[in-house]
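All residue numbers for the sequence shown refer to the numbering used here, where the first residue is 2 and numbers rise by one.
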Amino acid sequence: MLPHLLSLFMAHGTLSGPVSWSFLARPATDGQVSVELTAQVEEGWHIYATQLDNDLGPIPTSIRFETDDQWTPIGPLSEPEPEEVFDPNFEMQVRYHSGTPVFVQLFKPSAIGVHPLRGEVEFMVCNEKTCLPPEVVRFTIDVPALEVKP
Numbered sequence: 002m003l004p005h006l007l008s009l010f011m012a013h014g015t016l017s018g019p020v021s022w023s024f025l026a027r028p029a030t031d032g033q034v035s036v037e038l039t040a041q042v043e044e045g046w047h048i049y050a051t052q053l054d055n056d057l058g059p060i061p062t063s064i065r066f067e068t069d070d071q072w073t074p075i076g077p078l079s080e081p082e083p084e085e086v087f088d089p090n091f092e093m094q095v096r097y098h099s100g101t102p103v104f105v106q107l108f109k110p111s112a113i114g115v116h117p118l119r120g121e122v123e124f125m126v127c128n129e130k131t132c133l134p135p136e137v138v139r140f141t142i143d144v145p146a147l148e149v150k151p
C-alpha cells in the first residue's frame, strides 16, 4: 500500500505567460527516483534546448537542483530531441522545444522516507516575432525514497 501512496509526488510552478511548469517524482528502478519537469508551452511559442551551439543567441533552458546529502544525481539530465530550425529572432540555427517537453533526472536516495528536493528552471520563451525575458521558476518536491541501495 505504501508504494502506491508514495508513487507520485507533484508540485506546480506557474508564471503568467505562455509556459507553465509541473514537477513530478516517482520511484524508478534499483531504488532510484525519477524527477520529471514538464513544460506546458502554448501553441506558437517555444523554449530552447539545454544545449545550444552559440553563446550569442538565446538563453538555453537550465535546470539546477539543490542537492544535499539526501540525494545524489545519477547521470545527466535527459530531454526530448529538440527541433532544429532557423530562428528569425536571432538570425541563426537553434534547437528548441514546443508543446509539452519533459526533462528527466534520476536520483539515488541516501535514506528511506520522504525528503524535499529543491531547484529551479531558467528558460527563455519565444515565438516567431518576439522573445520574452528569461524567467526562473523555483520548485520544491517532496520526493519518496522507498528503498536505499548501495
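C-beta: ideal position from N, C-alpha, C; glycine also. Just so it is clear, the structure is predicted and the values come from calculations on it, not from any experiment.
Which residue wins for smallest C-alpha separation from residue i, given the options the options?
i	options	result
VAL105	ASN128, ARG27, SER21	ARG27
VAL149	GLY18, VAL20, PHE91, THR30	THR30
SER79	ASP70, LEU38, GLN71	LEU38
PRO83	LEU53, SER111, LYS109	LEU53
SER63	LYS130, GLU123, THR141, GLU92	GLU123
Here's a check: name, in chain order, each residue in its chain whose Cβ is nearer than 8 Å to the Cβ of residue i, leaving out the five neighbours to either side.
i	result
ASP88	GLY58, PRO59, GLN94, VAL95, TYR97, CYS127
GLN41	VAL20, SER21, TRP22, SER23, THR101
CYS132	PRO59, ASN90, MET125, VAL126
Please say whether residue j and residue i have beta carbons closer to each other than 7 Å?
i	j	result
VAL115	PRO145	yes
GLU136	ARG65	no
PRO61	THR73	no
GLY76	LEU25	no
Tell me the residue span of the beta strand (DSSP E) that contains residue i.
i	result
LYS153	Past the boundaries of the shown model lies residue 153; the chain is included only from 2 to 151, so the question cannot be answered.
MET93	93-98
Please classify residue i as buried or exposed, where buried requires at least 16 other C-beta atoms within 10 Å of its C-beta.
i	result
ILE48	buried
VAL1	The structure shown does not extend to residue 1, since the chain spans only 2 to 151, so no value can be given for it.
Starting from the C-beta of residue i, find all residues in its chain whose C-beta is less than 6 Å away, skip the five residues before and the five after it, and write them out in chain order.
i	result
THR68	none
SER99	VAL42, HIS47
Quick one: what's got a C-beta closer than 7 Å to residue i's C-beta in the same chain, skipping five residues either side?
i	result
GLN71	PRO110, SER111, ALA112, HIS116
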